[in-house]
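Heads up: the protein sequence lines correspond to chains G and C, in order.
Once you know that position 195 of the first sequence is 195 in my numbering, the rest is easy, because the numbers rise by one and skip nothing.
Numbers given in my numbering equal positions in the second sequence, counted from 1, plus 1000.
All C-beta atoms in this analysis are idealised placements derived from N, C-alpha and C, irrespective of residue type, glycine included.
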Amino acid sequence: MPVAVELVVRVGAVVAAFLLLPLLVGQTEHKVMAHMQGRLGPMYAGGYHGWAQLIADGVKFVQKEDVTPRGADRPVFQLAPAVTLLPYLLVLLVVPLGPGDLVGQPLDAGLFLVLAVLAVPVVGVMMAAWASANKYSLLGGVRGAAQLLGYELPFVLSAASVAMAAGTLSLPGIVAAWRPWWLLWQLPALFVFFVAGVAEIRRPPLDAPIADTELVFGYKTEYTGMRFAFMMLAEYAGIVVIASLTTVLFLGGWHGPAPEQLGWLWTLLKIFAVCFVIIWLRVTFPRLRVDQLQQLCWLVLVPLALGQLVLTAAVRMVI
Amino acid sequence: MTVADVLLLGLGAVAVGAGLCVVTTAHLVRAGLYLVVCLGALAGMFLVLTAELVAWVQVLIYVGAVVVLLLFAVMLTRAPIGASGDLDRPGWPGLLVGAGAGLGLAALFVDAYRWTSVSLPDGPDGPGSAGVLGGELFRSWVLPFEVLSVLLLAALVGAIIVSRPDVGASDRGAER
C-alpha cells in the first residue's frame, strides 16, 4: 500500500473508533447503571432495549441552540470543548490493538506522548471554567486544576513503573514484554494508575470539579447544544482512553489464546471490562470531598507509587 | 528549503507571535493561554528536530503543570473577563531587556554556527531519542543531574517552610 493511503486508512480507523467507542460506553452506562439501580434505563428509542438512545440524544443536541453567555469570553469559551476533546483522539492513535502492525502509529516514545497529551485537557477545563463567567463554573475549574495537578504525579509515576519493568517506552513494546505474573508484581501500580486515571477524566467518585449536586454542573454548566455534546463526548472518550491505557500497560493488551489472530479481540474485551468497572464505581461510591480527594492523592497514591517504583527496580535488579 | 525548514520557520513565527501576545495582551488569563500556544509551538520545534522526548517532556511539565499552576493562581486571586486597565507594566525597560537579550542571543548563535548545515538524525538511534538521552544522562551526566535534583529538593523544602508559618513557630515563640 502506498504510504499516503495507509496513513489515511490508519487515521480514519482511529477516528472511527474515537467516535464509536465512547457512544458504546455511554449506552452501556445507561443500561448498566439502570440495572444496578433496579431500573430499566432507555427502552423505547430504536425499539430493541433502547439501543438508539444516544443517536436520539445526538439529534437532540444538534437541534439545540448554541448559547454563549453574554459575559463570557467568546473565543476562549468556544475553543474549550475542542481543547478538552482532541487530546484523547491523539492518545488513541498510539494505543496498540494487536501484535505486529495493528496500531494507529507506532512510536518509540509512545508512553511519553500519552502522558504528555493527557496533561492538556486540564487546560481545556480551566478555559471552560473561566470563560463561562459563572461562579459555579469557576469553582469547578479551580477544583479541577487542584485535582488534576495532584493526580498527575501518581499517574506518571505508576506508568513509569511499568516502563521500567518492560525496559521500553513504546506501548507495543510494553505489551510484548508483559507476562501474567506482572499482574501481581505491578498490582499497586495498577491500582494507583487506575484511580489516578479516573481522577484525570473527572469521573465519579472523583468528580469534584463537576459535582452536579453542589456546583450545578461545574465547568460544563454554561454549555449547550453541540458544545455540551462535545464536553460529554470528551468524558466518555476519556473513559475509553483510560481503560485502553490500563489494558495496554497493566492487563497485557493482546495476550490471550491465539494472540496472532485474536489479539484485537482480547484487547477490546479487556478495555470494555475496565470501562464496566469505571461505570460500576460511579454507581457504587459516593463522591469524595475536596479535602478527601487531596488526601487520597498525596497520602495514599503517591507513597504507593513511589514504593512500587522501588519494588520494580529491586525485582529488575534480581532478574 | 526543505519541509523541516518550513516547519521550523512556521513554528518559530507562532512561538514568537504568541510570546509577544503574552506580554502585550491586557487580558490576564488569555496571557496564560497564549503561553500554552507558545510552549506548544516550541515543543513542535523540538519534534521537527527529532528530539521526541524533550518535546513530550516540554508539554508534560510546562503545559500540563507550570501553566496550569499559573492559571490556577490567577483564577484564585482575581480573574476578570475582559481587559484589565490597571496593569503596571514597565513598557520601555521590558522592551529594551527583551529585545537586547533576543538580539544578543541571535547574534551569538549566528556567529557561532554561520552557515553550518546539520543533517537531521533519523530513526530510534538519534541523539534526541529516549534511549540515547537516558544513556547520556545516567552515564556521563549523572553527577550534574543528581546535584540538580538535590538543589530542586532543597528549593522544595524551602518553599514548604516559607509557606507554612506553623513550622518552627514554637521555637521562635520560646525565644521571645
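Using a Cβ-Cβ cut-off of less than 8 Å, list which residues of the segment 143-171 of chain G approach chain C; keep chain order.
Correct list: Ala145, Ala146, Leu148, Leu149, Glu152, Val156, Leu169.
In chain C, what lies closer than 7 Å to glycine 41 (chain G) by C-beta?
The count along the first sequence starts at 1 and reaches residue 41 (chain G) at position 41. Chain C residues near glycine 41 (chain G): none, gap ~37 Å exceeds 7 Å.
Excluding the 5 residues flanking glutamate 152 (chain G) on each side, which residues of the same chain have their C-beta closer than 7 Å to its C-beta?
Counting from 1 along the first sequence, the entry for residue 152 (chain G) is found at position 152. Excluding its 5 nearest sequence neighbours in each direction, glutamate 152 (chain G) has C-beta neighbours in its own chain below 7 Å: Ala119, listed in chain order.
When G:Leu171, G:Ile278, G:Glu214, G:Val123 are compared against valine 1068 (chain C), the one with the closest alpha-carbon:
Within the second sequence, numbered from 1, the residue matching residue 1068 (chain C) stands at position 68. The residue with the shortest Cα to Cα distance from valine 1068 (chain C) is G:Val123.
With a CB to CB cut of under 6 Å and the five nearest residues on each side skipped, what residues in its chain are close to alanine 403 (chain G)?
Absent from the structure is residue 403 (chain G), since the part of chain G shown begins at 1 and ends at 319.
Determine whether the Cβ of serine 1179 (chain C) lies closer than 8 Å to any Cβ atom of chain G.
With chain C represented from 1001 up to 1176, any question about residue 1179 (chain C) goes unanswered, as that position is not in the structure.
Using DSSP with H/G/I as helix, E/B as strand and the rest coil, what is proline 75 (chain G)?
Counting from 1 along the first sequence, the entry for residue 75 (chain G) is found at position 75. If DSSP states are grouped into helix, strand and coil, proline 75 (chain G) belongs with the helices.
Measuring straight from C-alpha to C-alpha, what distance separates methionine 1075 (chain C) and methionine 33 (chain G)?
Counting from 1 along the second sequence, the entry for residue 1075 (chain C) is found at position 75. Counting from 1 along the first sequence, the entry for residue 33 (chain G) is found at position 33. Across the structure, methionine 1075 (chain C) and methionine 33 (chain G) are spaced so that their CA atoms are roughly 36 Å apart.
Would aspartate 207 (chain G) be called buried (16 or more neighbouring beta carbons within 10 Å of its own) or exposed?
For this step, residue 207 (chain G) is matched to residue 207 along the first sequence. Classification of aspartate 207 (chain G): buried, given that the 10 Å Cβ count is 16 or more.
Grouping DSSP H, G and I as helix and E and B as strand, with all else coil, what is glycine 12 (chain G)?
Indexing the first sequence from 1 puts residue 12 (chain G) at position 12. Per DSSP, reduced to three states, the secondary structure at glycine 12 (chain G) is helical.
Within 10 angstroms of the Cβ of phenylalanine 1046 (chain C), are there 16 or more other Cβ atoms? Answer buried if so, exposed if not.
Translated into positions along the second sequence, residue 1046 (chain C) becomes position 46. Label assigned to phenylalanine 1046 (chain C): buried.
Mind the definition here: the segment 292-304 of chain G touches the segment 44-61 of chain G only if three or more C-beta pairs lie below 8 Å; say whether that holds.
With contact defined as three or more Cβ pairs closer than 8 Å, the segment 292-304 of chain G and the segment 44-61 of chain G are not in contact.
Comparing alpha-carbon positions, which option in G:Phe77, G:Leu107, G:Val117, G:Thr84 lies nearest valine 91 (chain G)?
On the first sequence, position 91 is the one that residue 91 (chain G) refers to. It is G:Val117 whose Cα lies nearest to the Cα of valine 91 (chain G).
Can you pull the chain C residues whose beta carbon is under 8 Å from the beta carbon of valine 120 (chain G), in chain order?
The residue given as residue 120 (chain G) occupies position 120 in the first sequence. Simply Val1059, Val1063, Gly1064.
DSSP puts valine 25 (chain G) in a beta bridge; with which residues?
The sequence position of residue 25 (chain G) within the first sequence is 25, counting from 1. Among the bridge pairs identified by DSSP, valine 25 (chain G) is matched with none.
Near methionine 164 (chain G), which residues of its chain fall below 8 Å by C-beta distance, leaving aside the five closest residues on each side in sequence?
Start at 1 with the first residue of the first sequence, and residue 164 (chain G) comes out as number 164. Take methionine 164 (chain G), set aside five residues on each side of it, and the residues of its chain with a beta-carbon closer than 8 Å to its own are Leu309, Thr312, Ala313, Arg316, in chain order.
For the pair the segment 24-44 of chain G and the segment 190-209 of chain G, tell me if three or more CB-CB distances fall below 8 Å.
Counting Cβ pairs under 8 Å, fewer than three are found: no touch.
For alanine 133 (chain G), collect the residues of the same chain with a Cβ closer than 7 Å to its Cβ; drop the 5 residues on either side in sequence, then sort them by chain order.
Taking the first residue of the first sequence as 1, we reach residue 133 (chain G) at position 133. Excluding sequence neighbours, alanine 133 (chain G) sits near Pro69, Gly71, Ala72.
Who are the near neighbours of alanine 1130 (chain C) in its chain, counting only those whose CB is closer than 8 Å to its CB and skipping five residues on each side?
Here residue 1130 (chain C) is taken as the residue at index 130 of the second sequence, counted from 1. Around alanine 1130 (chain C): Glu1052, Leu1053.
For valine 1132 (chain C) and chain G, any beta-carbon pair shorter than 8 Å?
By 1-based counting over the second sequence, the position of residue 1132 (chain C) is 132. Chain G has no Cβ within less than 8 Å of the Cβ of valine 1132 (chain C).
Quick one: measure Cβ to Cβ for proline 172 (chain G) and valine 103 (chain G), integer angstroms, because I've assumed they're closer than 8 Å.
By 1-based counting over the first sequence, the position of residue 172 (chain G) is 172. By 1-based counting over the first sequence, the position of residue 103 (chain G) is 103. At roughly 6 Å, the Cβ-Cβ gap stays under 8 Å, so proline 172 (chain G) and valine 103 (chain G) are in contact.
Under 8 Å between C-beta atoms, does glycine 252 (chain G) make it to chain C?
Within the first sequence, residue 252 (chain G) is the residue found at index 252, counting from 1. Glycine 252 (chain G) does not count as touching chain C.
Note down, in chain order, every chain G residue with its Cβ under 9 Å from the Cβ of serine 1129 (chain C).
Taking the second sequence and counting its residues from 1, one reaches residue 1129 (chain C) at position 129. Per Cβ cutoff of 9 Å: Asp108, Ala109.
Separation of alanine 45 (chain G) from alanine 1159 (chain C), as counted between CA atoms:
What you label residue 1159 (chain C) is simply residue 159 of the second sequence in a count that begins at 1. What you label residue 45 (chain G) is simply residue 45 of the first sequence in a count that begins at 1. Cα to Cα, alanine 1159 (chain C) sits roughly 57 Å from alanine 45 (chain G).
Tell me, please, whether the CB atom of valine 1003 (chain C) is closer than 8 Å to any CB atom in chain G?
One-based indexing of the second sequence puts residue 1003 (chain C) at position 3. Output row for valine 1003 (chain C): interface = no.
Who are the near neighbours of glycine 256 (chain G) in its chain, counting only those whose CB is closer than 7 Å to its CB and skipping five residues on each side?
The residue labelled residue 256 (chain G) in the question sits at position 256 within the first sequence. Result list for glycine 256 (chain G): Leu262, Trp266, in chain order.
Measure the beta-carbon distance from leucine 183 (chain G) to alanine 305 (chain G) and round it to whole angstroms, keeping in mind my assumption that it falls under 8 Å.
Reading the first sequence from its first residue, position 183 is the one you call residue 183 (chain G). Reading the first sequence from its first residue, position 305 is the one you call residue 305 (chain G). Beta-carbon to beta-carbon, leucine 183 (chain G) and alanine 305 (chain G) are separated by about 17 Å, too far to satisfy the 8 Å threshold.
Can you check whether the CB of alanine 211 (chain G) is closer than 8 Å to the CB of arginine 349 (chain G)?
Outside the displayed span of chain G (1 to 319) sits residue 349 (chain G), for which this structure offers no information.
Alpha-carbon spacing of tryptophan 1141 (chain C) relative to alanine 1154 (chain C), whole angstroms:
Here the question's residue 1141 (chain C) lines up with position 141 in the second sequence. Here the question's residue 1154 (chain C) lines up with position 154 in the second sequence. Between tryptophan 1141 (chain C) and alanine 1154 (chain C), the C-alpha separation is close to 20 Å.
For valine 1036 (chain C), go through chain G and note every residue whose CB falls closer than 7 Å to its CB, in chain order.
As a position in the second sequence, residue 1036 (chain C) is number 36, starting the count at 1. Contact note: valine 1036 (chain C) reaches chain G through Val123, using a C-beta cutoff of 7 Å and chain order.
Should serine 1084 (chain C) go down as buried or exposed, given a rule of 16 or more other Cβ atoms within 10 Å for buried?
Sequence index remark: in the second sequence, residue 1084 (chain C) carries index 84 (1-based). Exposed, because fewer than 16 other Cβ atoms sit within 10 Å of the Cβ of serine 1084 (chain C).
Residue range of the alpha helix (DSSP H) that valine 1006 (chain C) falls in?
Within the second sequence, numbered from 1, the residue matching residue 1006 (chain C) stands at position 6. Unbroken alpha helix (DSSP H) run through valine 1006 (chain C): 1003-1024.
For a cutoff of 8 Å on Cβ pairs, would you count glycine 71 (chain G) as touching chain C?
Taking the first residue of the first sequence as 1, we reach residue 71 (chain G) at position 71. It does; some Cβ of chain C falls within 8 Å.
Determine the closest residue to proline 1080 (chain C) out of C:Leu1070, C:Gly1128, C:Leu1039, C:Leu1028, with distance taken between C-alpha atoms.
If you number the second sequence from 1, residue 1080 (chain C) lands on position 80. For the residues C:Leu1070, C:Gly1128, C:Leu1039, C:Leu1028, the minimum Cα distance to proline 1080 (chain C) belongs to C:Leu1028.
For leucine 138 (chain G) and isoleucine 1161 (chain C), what's the separation of their Cα atoms in angstroms?
Here the question's residue 138 (chain G) lines up with position 138 in the first sequence. Here the question's residue 1161 (chain C) lines up with position 161 in the second sequence. As the crow flies, the alpha-carbon of leucine 138 (chain G) is around 30 Å from that of isoleucine 1161 (chain C).
Tell me which residue opens and which closes the alpha helix (DSSP H) that glycine 110 (chain G) is part of.
Position 110 of the first sequence holds residue 110 (chain G). Per DSSP, glycine 110 (chain G) belongs to the alpha helix (DSSP H) from 110-117.
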